[in-house]
Amino acid sequence: MKIAVTAASGQLGAAIIKQLINGIGKENVIGIARTPAKAEHLGVEIRKGDYSSNAEFVAALQGVDVVLIVSGMDAPDKRIGQHQNIINAAKEAGVRKIVYTSIIGEDGQSSFDAIVKSNRQTEKDITESGLEWSIGRNGLYIEPDLEYIENYRKEGKVANCAGEGLCSYTTRDELAYAYTQIILHDNSNGKIFNLAGNAITQQQLAEYLNLAFGTTLVYEEMTPEAYLEFQQKANGEFLGTVIAGIYTKIRNGEFNINSDYEAAAGRKHVGWDDYFGNLS
Ligand SMILES: NC(=O)c1ccc[n+]([C@@H]2O[C@H](COP(=O)([O-])OP(=O)(O)OC[C@H]3O[C@@H](n4cnc5c(N)ncnc54)[C@H](OP(=O)(O)O)[C@@H]3O)[C@@H](O)[C@H]2O)c1
C-alpha cells in the first residue's frame, strides 16, 4: 500500500510521514511538496505538488492508494479550489481513499470563521467525491505557545481576549499518531473525528507554561476590541485579524469540543500534566 502525504515540507506533514515510516516502512510512503528540496531530509520519495496545480497532483498521485491532504495556508476562498484540485486529481489517478486534516470549531461569527467554513466546504467536497474518506478535525496546536515563551517571559503575562473560554488544544505529534492509525485502519472510513486533548483555559495554559519553563506568568483578559487592535498593530491587518478571531472563538466556547481522539488513535491523547511536566 502506497501512502502519499501532501505539504511534506511543513511541520504536520513531516510529523505524519515520520509516524508512517515507523508503521509501514519508508518504501511505502511518498511525500508531496510544493518545494521538494525542503522535504528531502525525510528520506522518502518526494514528488512535486503545488495545491494550485491539478496537473502536478495527477502526476504526483500515480500509483498511490491513500492520500492524506494537509489543509492549505492560502486565503480561505482560494483554499477551497486548491483542495478541489487535489480531490479531482485523486479521482483521476485512481486513488482509493482521501484523508483530510480539517479544523475543529463550532459555527460562529468571528473573523476566523471564514477559515472554518472553507474547511467544512472541503470536507463536503471530499465526502461527495465518491472515494473512500476519513476526516480529522484538528484541535489548536499548542506548540506556538511554547515557541512564544521568551516573549511571554518578557511580557510577564498571557494576554488575550479568550477570557474563561475552554480551548481544545493538541500537538502535531499527537495528530500524526492519530492520522497514521486513521490511514492504516479502514474502520475509520466515512467518519469525522475531532482530534484534541482535554480543553483548558488560558489561566491553565499560563500555569502549565510556568510549570514547564519556570516563568511566573499571569493571565490577563482583554476585550475582543482591544485585542483585535493590538493584534493588527503587532501582526498586520490579515494575520492580526485571524489571530484575534481565534481567541474570540475560544471566548465564545466554539473551540471547546468533545474529542474523538481515542476512537481514532486507539489510545488516549497525552494529558497536559504529563506533556508540560515532561518539558520541564
Ligand atoms: N490546528 C491549528 O492550530 C493550525 C494552526 C496553523 C495552521 N493550521 C493548518 O494546518 C496546516 C498544517 O500546519 P503546519 O503546522 O504543518 O504548517 P507549516 O509548518 O507552516 O506548513 C505549511 C505547509 O503548507 C505548504 N503549502 C502552503 N501552500 C501550499 C501550496 N499552494 N501548495 C503546496 N503546499 C503548500 C507549505 O509548503 P512550502 O514549504 O512550500 O511553503 C508547507 O509545507 C496549515 O497549512 C493550516 O491549514 C492549523
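Per the numbering used here, numbering through the sequence shown is continuous, rising by one, with the last residue being 328. Heads up, the beta-carbon is just placed ideally off N, CA and C, and yes, glycines get one too.
9 Å Cβ cutoff, residue i in contact with chain C
i	result
Tyr200	Considering every chain present, this structure includes no chain C. It has just one protein chain.
Minimum C-alpha distance to residue i - residue among the options
i	options	result
Gln250	Ala224, Leu276, Gly213, Asn235	Gly213
Gln279	Met270, Lys239, Ile291	Ile291
Thr218	Ala103, Leu90, Tyr309	Tyr309
Gly184	Gln67, Leu243, Thr271, Leu90	Leu243
Arg144	Gly262, Ile231, Glu222	Ile231
Leu287	Val106, Phe160, Asn258, Trp320	Phe160
Glu176	Asn199, Lys165, Glu255, Asn136	Asn136
Gly91	Asp122, Ile69, Arg82	Ile69
Ser216	Gly73, Asn300, Gln229, Lys74	Asn300
Ala87	Ile152, Lys239, Lys66	Lys66
Asn167	Gly325, Lys74, Gly153	Gly153
Gln130	Ala107, Gly97, Val318, Lys202	Gly97
Ala85	Val106, Ala56, Ile72, Lys205	Ala56
Asn208	Pro272, Arg127, Asn283	Pro272
Gln59	Val266, Arg201, Pro192	Pro192
Lys139	Pro124, Ile163, Glu180, Glu171	Glu180
Gln169	Gln132, Asn76, Ile51	Gln132
Glu302	Gly178, Asn237, Gly73, Asp155	Asp155
Pro124	Ile163, Val106, Ile151, Glu104	Ile163
Residue i vs residue j beta-carbon contact at 9 Å
i	j	result
Ala141	Leu116	no
Ile80	Thr54	yes
Tyr323	Ile190	yes
Ser182	Ile146	yes
Ala210	Tyr295	yes
Ala260	Ser328	yes
Ile78	Val112	yes
Thr149	Ser119	yes
Gly187	Ser101	no
Ser158	Gly293	yes
Val206	Leu265	yes
Glu222	Gly245	yes
Trp320	Gln252	yes
Which residues DSSP lists as bridging residue i, in chain order
i	result
Trp181	Ile146
Leu194	Its beta-bridge partners do not exist; DSSP assigns none.
Leu109	In DSSP, Leu109 forms no bridge with anything.
Residue i in three-state terms, based on DSSP
i	result
Leu188	strand
Ser216	strand
Ala55	coil
Ile72	helix
Asn300	coil
Lys316	coil
Phe324	helix
Ala123	coil
Val164	helix
Lys172	helix
Leu116	strand
Val290	helix
For the stretch 229-261, which segments carrying the beta strand (DSSP E) assignment without a break, of at least 3 residues, lie completely within its bounds, in sequence order?
240-243
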